[in-house]
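The letter at position 239 of the sequence shown is residue 239 when you use full-length UniProt numbering, and the numbering goes up by one with no holes. By construction, the Cβ of each residue, glycine as well, lies at the ideal position given by its N, Cα and C atoms.
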Amino acid sequence: EEQLSLITWNIDGLDGDEQPERARSLCSYLTEVKGHCTHVSNRPLHRYSADVVLLQEMVQPYMRFMHRRLGDEYAFIEGGQDGYFTMMLLKKSRLRLLDHHIVHFSKSGMKRNLLVAQVQFGGQKLSLMTSHFESCKANAAERMRQLRLVMKAMSQAPDDQSVLFGGDTNLRDHEVRFFTPPPRGRQRSPLWFSLKNVKNRQEVAAVGLPGNVVDLWEELGEPEKCRYTWDTRLNTNKEIPFKCRFRFDRVYLRRAGVDGVPLLEPRSMALIGLEKLRCGMFTSDHWGIYSTFSVMHT
Numbered sequence: 001e002e003q004l005s006l007i008t009w010n011i012d013g014l015d016g017d018e019q020p021e022r023a024r025s026l027c028s029y030l031t032e033v034k035g036h037c038t039h040v041s042n043r044p045l046h047r048y049s050a051d052v053v054l055l056q057e058m059v060q061p062y063m064r065f066m067h068r069r070l071g072d073e074y075a076f077i078e079g080g081q082d083g084y085f086t087m088m089l090l091k092k093s094r095l096r097l098l099d100h101h102i103v104h105f106s107k108s109g110m111k112r113n114l115l116v117a118q119v120q121f122g123g124q125k126l127s128l129m130t131s132h133f134e135s136c137k138a139n140a141a142e143r144m145r146q147l148r149l150v151m152k153a154m155s156q157a158p159d160d161q162s163v164l165f166g167g168d169t170n171l172r173d174h175e176v177r178f179f180t181p182p183p184r185g186r187q188r189s190p191l192w193f194s195l196k197n198v199k200n201r202q203e204v205a206a207v208g209l210p211g212n213v214v215d216l217w218e219e220l221g222e223p224e225k226c227r228y229t230w231d232t233r234l235n236t237n238k239e240i241p242f243k244c245r246f247r248f249d250r251v252y253l254r255r256a257g258v259d260g261v262p263l264l265e266p267r268s269m270a271l272i273g274l275e276k277l278r279c280g281m282f283t284s285d286h287w288g289i290y291s292t293f294s295v296m297h298t
């Protein structure tokens, strides 16, 4: 059975603490080396060597380190140059890059964008996307607007291509569901009050997943062990006075819609980066998502 594997991970490149060891740990997830990892105390580190790697909060020093380690095995596609940005890694032996482009979120106050790549995989074309949506609770309106733009891009991709999106969406669950104001006399949700002063509420009202797009976590039965990708109860990289858990990092799939074109079917997902390193930190303040898809020939 032919499979495609994917990792999406916010690597927190903005945090300079123990960055060399954390960068080595990230690279070790992507190389096929047997045995124990020297960066994890007395515990083996699984090697994933994913076909597609989608990274957020990349910075130039981190990228240069990764390129020295992985440049022979992976093609690098950058979603920016300055500050922090997204990046894709494509395994050269498995995928061929056809084209790529960046879609800028014009209303983003944090210079966020959508990185899109068209690739050839096993004789079929795929569209790959990654993004880092607007951060912080107060920016729900812009984050929902970005989700709407991504869903539109996925839906409008050519029907003979499967589309995969993976990234740090910063989404709260209630932001993804369709949002309409409740009838008079009914209790209004906190989200209503956070958006009530938005000038054009229609821009953020119709947020949800189109019928042809699925959330990988939901499609696989909502496994509890994979629910929270940002978990300050377990991940101690950030000194945050309150404890919270969110499913910020998500993978979306839009299957090809043309007869005779191979389909991608979700097969598995797992959280990665759960091992604490010798330095006392985790690879990132986010857990990564490792997912696999079966290629089904119709």
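Please tell me whether residue i and residue j are closer than 7 Å, where the distance is taken between their beta carbons.
| i | j | result |
| --- | --- | --- |
| PHE133 | THR169 | yes |
| GLU57 | LEU14 | yes |
| SER25 | LEU277 | yes |
| VAL116 | HIS104 | no |
| THR31 | THR86 | no |
| LEU97 | VAL52 | no |
| PRO262 | GLN124 | yes |
| CYS27 | ARG69 | yes |
| ASP99 | GLN81 | no |
With 16 as the cutoff for other CB atoms within 10 Å, does residue i come out buried or exposed?
| i | result |
| --- | --- |
| residue 300 | A question about residue 300 goes unanswered here, because the residues of the chain that appear run from 1 up to 298. |
| ASP231 | buried |
| SER93 | exposed |
| VAL150 | buried |
| LEU55 | buried |
| PRO61 | exposed |
| SER127 | buried |
| ALA138 | exposed |
| residue 364 | Since the first residue shown for the chain is 1 and the last is 298, residue 364 is missing from the structure and cannot be characterised. |
| PRO190 | Its pLDDT being 44, under 50, PRO190 is placed unreliably in this model, and the coordinates cannot settle the point. |
| ILE11 | buried |
| ARG43 | In this prediction, ARG43 scores a pLDDT of 43, lower than 50, which makes its location untrustworthy; no coordinate-derived value is stated. |
| ARG112 | buried |
| THR298 | exposed |
| SER106 | exposed |
| LEU234 | exposed |
Once the 5 residues before and after residue i are set aside, which same chain residues still bring their CB inside 8 Å of it?
| i | result |
| --- | --- |
| GLN3 | ARG267, THR292, PHE293, SER294 and VAL295 |
| ASP173 | ARG247 |
| TRP217 | PRO223, CYS226, ARG227, ARG247, ARG250, VAL251 and MET269 |
Taking 6 Å as the cut-off, does the CB of residue i come closer than this to any heavy atom belonging to the ligand NAP?
| i | result |
| --- | --- |
| ARG24 | As for the ligand NAP, it is missing from this structure, which has no ligand bound. |
By Cβ distance below 7 Å, which residues in the same chain neighbour residue i in space, the five residues on each side in sequence not counted?
| i | result |
| --- | --- |
| ASP159 | ALA256, GLY257 and VAL258 |
| ILE240 | THR232 |
| MET281 | ASP17, GLU18, ARG22 and ASN237 |
| ASP215 | LEU209, ARG250 and TYR252 |
| CYS279 | GLU18 and GLU21 |
| TYR84 | GLY13, LEU14, GLU57, MET58 and VAL59 |
| GLU1 | SER294 |
| GLU265 | PHE293, SER294 and MET296 |
Below 6 Å CB to CB, which residues in the same chain sit around residue i once its five sequence neighbours on both sides are set aside?
| i | result |
| --- | --- |
| LEU271 | CYS226 and TRP287 |
| TYR290 | ILE7, TYR48, ALA270 and ILE272 |
| ALA75 | LEU90, LYS92 and LEU97 |
| PHE65 | ALA23 |
Q. When the Cβ atoms of the stretch 222-235 are set against those of the stretch 142-158, are three or more pairs found closer than 8 Å?
A. no
Q | the stretch 158-167 touching the stretch 242-259, judged by at least three CB pairs closer than 8 Å | A | Counting Cβ pairs under 8 Å, three or more are found: they touch.
Q: Please go through the stretch 211-286 and give each complete beta strand (DSSP E) segment of 3 or more residues, from N-terminal end onward.
A: 213-215, 249-254 and 263-272
Q: Would you mind listing the beta strand (DSSP E) stretches within the stretch 125-161 that are 3+ residues and don't spill past its ends, in chain order?
A: none
Q) Mind pulling the beta strand (DSSP E) runs of 3 or more residues that sit fully within the stretch 57-131? A) 74-78, 85-91, 95-104, 113-121 and 124-131, all fully within the stretch 57-131.
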